[in-house]
DNA sequence: CTGAAAGCGCTAACAG
DNA sequence: CTGTTAGCGCTTTCAG
């Protein structure tokens with residue numbers, strides 16, 4: 234049992250050719266049902282297992298799909314991955330997952346490794362840092378399907394899966410305005426990433442639309458780490474015009490803000506109304522419950538998987554890049570309640 | 234550029250043999266530094282990329298490590314995975330991640346696929362359902378390193394990475410007892426899984442130790458889904474002897490319980506003291522903040538990665554199975570505060 | 001230090 | 001319906 238059986242062993246044992254064995258094992262149409270059964274039986278008896286190394290080499294494909302994400306340990310990302318895994322696994326593909334840790338250099342290395350590993354397709358959500366996209370051209374040049382999701386970059390012939398971040402940002406801000414906020418602070422991530430940039434644009438547009446002044450200082454860039462909450466609090470407590478609304482592009486950071494603000498004596502939503510982004514589980518746990526934008530991660534994963542499988546299966550013309558926009562939803566909870 | 238260069242192309246171009254090219258590319262000792270540099274230069278110029286398919290076939294190894302987890306989208310699991318990925322990636326390995334979705338059948342399929350993909354090692358955290366472990370013998374027979382973490386199974390020569398669940402269960406329960414609880418309910422997962430079983434045992438031992446009666450009904454088995462919180466509340470509100478302590482083997486479910494209990498009019502911790510397990514982010518967000526057992530997921534991932542790399546590198550004797558026990562920690566917060 | 005040549009195990013075109 | 005045969009591209013003995 235420690236010795237592995239090859240199709241040659243089976244062929245010899247059954248007195249047929251290796252080709253026949255191969256064909257039997259691969260559901261080839263033109264093979265007699267009788268010999269196929271003989272082969273299958275013998276394969277089972279000897280504990281034969283296909284050697285993918287050889288098969289991959291011969292076919293020049295690996296049945297694996299690569300994924301690069303900023304980090305695995307975020308509720309949103311792991312939910313997306315769960316959806317991707319489910320879809321591609323059902324189709325018989327394996328997922329090689331790697332994380333860039335928000336570093337452009339690591340993203341480049343990951344891309345190179347995945348390329349060399351011979352992934353049949355690549356799914357990417359960009360690192361915050363990334364400014365140069367050369368490491369992806371290797372894939373497009375070799376016609377390896379490449380898809381961006383969430384943190385996307387517009388590359389010729391690469392499908393993207395996103396939500397309408399600008400609209401979502403506008404809706405979130407407008408909601409606060411409708412609740413009576415006049416001086417809203419926006420806390421966002423690196424504006425190089427379109428997700429954050431677009432939400433910021435939506436925020437600005439909502440302000441304009443309602444004739445509120447959108448001074449440059451009304452956005453704070455954050456890395457969303459717990460420590461960084463201090464600079465936000467600092468900004469709020471020293472602002473000349475008192476901040477009465479807070480739109481944070483990330484739920485868990487919004488939660489940190491709420492906790493810190495409450496500790497400082499601010500009442501949510503009486504003094505400051507807060508809205509987050511993502512609809513992470515924490516948003517329903519914090520008190521007051523956090524209003525937010527629902528970002529359907531699992532669905533995004535499923536669609537990313539389906540889309541890439543379509544490209545692999547050739548059922549979609551690879552030249553016709555597509556953009557899938559998933560519906561988001563404004564979720565109103567206590568943290569932005571009007572109270573008069 | 235669309236055409237790929239092979240070592241033969243390089244060999245021809247440089248007037249050397251493919252063997253020389255291969256050796257140059259692989260840091261082989263006995264190769265003149267001069268020809269090595271010539272080869273490296275030509276490789277860079279032509280955009281040569283190694284073909285892992287061929288290399289894998291020849292070497293009979295893939296430089297990939299397989300992982301099977303119950304699900305990706307849990308805070309704990311994605312944190313562990315993040316640690317694993319970090320370690321093995323630094324060592325030049327790729328991670329193929331798959332999820333069993335708690336189904337034994339899916340776990341078996343995943344194991345088979347990963348075996349056939351030729352992973353060099355396998356890391357597993359078991360599905361709740363799994364009762365039969367035959368799908369793993371394929372690996373041990375072929376001497377492919379196999380490691381279990383968190384939800385483990387004791388298999389000859391397979392290292393395991395765990396915390397001392399029994400002790401943790403005992404400490405959690407004892408903490409509640411010390412806070413004055415007399416009638417503690419334990420909510421756990423499938424007792425087939427040692428993690429839950431051992432925590433339950435620890436709970437029972439704490440009761441015995443303190444002379445409290447441990448009637449069978451003092452444990453409720455749950456799947457930890459939000460819906461299931463009802464049966465727990467039901468049990469508590471109809472219990473003849475009033476429940477004054479709740480030890481839940483899972484933080485997010487503990488949080489659901491707190492929310493539901495509060496809604497029902499129970500005061501936490503005055504009426505019922507609660508302790509969870511894992512130290513998920515939610516435990517610090519809920520009000521009152523949740524006492525819990527810290528389960529260092531990232532560290533577990535890092536150690537799992539290191540351990541398996543050790544086995545792969547041969548730096549550890551594969552026959553000497555080891556068991557790594559990571560330290561947990563009791564974290565006391567408001568939800569279990571004594572109040573008199 | 002370098003070259004020749006034999007695999008690694010599977011697939012598929014081409015014959016029959 | 002089945003067999004022959006030539007790769008897929010890299011690694012590695014064995015010679016030189």
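Chains as they are written, first to last, in the working numbering: chain A, 234 to 573; chain B, 234 to 573. By construction, the Cβ of each residue, glycine as well, lies at the ideal position given by its N, Cα and C atoms.
query	result
Say yes only if the C-beta of residue 560(A) is nearer than 7 Å to one or more non-hydrogen atoms of the ligand FAD, and no if none qualify.	This structure lacks the ligand FAD; in fact it carries no ligand of any kind.
Can you tell me which residues form a DSSP beta bridge with residue 354(B)?	298(B)
Roughly how many whole angstroms lie between the Cα atoms of residue 276(A) and residue 261(A)?	16 Å
Quick one: is residue 565(B) buried, meaning 16 or more other Cβ sit within 10 Å of its Cβ, or exposed?	exposed
Which same chain residues end up closer than 6 Å to residue 455(A) when comparing Cβ atoms and leaving out the 5 residues on each side of it in sequence?	420, 461
Measure from the alpha carbon of residue 307(A) to the alpha carbon of each residue in 515(A), 281(A), 571(A), then state which is nearest.	515(A)
Could you please tell me which residues of the segment 337-352 of chain A, in chain order, have their CB closer than 8 Å to any CB of chain B?	343, 346, 347, 348, 349, 350, 351
Under a three-way DSSP split, which group does residue 264(A) fall into?	coil
Do residue 482(B) and residue 422(B) have their C-beta atoms closer together than 8 Å?	yes
Using a cut-off of 8 Å between C-beta atoms, extract the partners of residue 286(B) located in chain A.	286, 289, 290, 293, 295, 351
Identify the continuous alpha helix (DSSP H) that holds residue 331(B) and give its terminal residues.	Segment 327-332 is the beta strand (DSSP E) holding residue 331(B); no alpha helix (DSSP H) there.
Rounded C-beta distance between residue 522(A) and residue 567(A)? I'm assuming under 8 Å.	5 Å
Counting pairs of Cβ atoms below 8 Å between the segment 290-301 of chain B and the segment 348-360 of chain B, do you hit three or more?	yes
If you measure from the beta carbon of residue 234(A) to each beta carbon in chain B, is any gap under 8 Å?	At residue 234(A) the pLDDT is 38, less than 50, meaning the model places this residue with poor confidence; the figure from the coordinates comes in the next sentence. Yes, its Cβ sits closer than 8 Å to a Cβ of chain B.
Look at residue 361(B) and residue 520(A) and say whether their C-beta atoms are less than 8 Å apart.	no
With 8 Å set as the bound, which would you pick, yes or no: does the beta-carbon of residue 322(B) sit closer than that to a beta-carbon of chain A?	yes
With a threshold of 7 Å on Cβ separation, who are the neighbours of residue 502(A) within its own chain once the five nearest residues in sequence on each side are excluded?	521, 567, 568, 569, 570, 572
Along chain B, in chain order, which residues have C-beta atoms closer than 8 Å to that of residue 327(A)?	329, 331, 346, 347, 350
Between which two residues does the beta strand (DSSP E) harbouring residue 562(B) extend?	562-564
Using a Cβ-Cβ cut-off of 8 Å, state whether residue 264(A) counts as contacting chain B.	no
Report the three-state DSSP secondary structure of residue 524(A) (helix, strand or coil).	strand
What is the rounded straight-line gap between the Cα of residue 371(B) and the Cα of residue 348(B)?	8 Å
Report yes if the C-beta distance between residue 251(A) and residue 240(A) is below 8 Å; otherwise report no.	yes
Cα separation between residue 477(B) and residue 424(B)?	23 Å
Anything in chain B within Cβ reach of residue 514(A), meaning under 8 Å, just list it in chain order.	485, 515
Note down, in chain order, every chain A residue with its Cβ under 7 Å from the Cβ of residue 519(B).	518
Taking the alpha-carbon positions, what's the residue 410(B) to residue 491(B) distance?	19 Å
Classify residue 475(A) as buried or exposed, calling it buried when 16 or more other Cβ atoms lie within 10 Å of its own Cβ.	exposed
If you follow the alpha helix (DSSP H) that residue 368(B) is in, where does it begin and where does it stop?	Unbroken run through residue 368(B): none, as it is neither H nor E.
With distances taken Cα to Cα, identify the nearest neighbour of residue 532(B) among 310(B), 256(B), 244(B).	310(B)
Using 8 Å as the limit for Cβ to Cβ distance, is residue 407(B) near chain A?	no
Does the separation of the CB atoms of residue 435(A) and residue 406(A) fall below 8 Å?	yes
In this structure, how does DSSP classify residue 420(B) when only helix, strand and coil are distinguished?	strand
Using CA atoms only, rank isn't needed, just tell me which of 313(A), 400(A), 438(A), 294(A) is closest to residue 376(A).	294(A)
Could you have a look at residue 458(A) and say whether DSSP puts it in helix, strand or coil?	coil
Is the Cβ-Cβ distance between residue 373(B) and residue 337(B) less than 8 Å?	no
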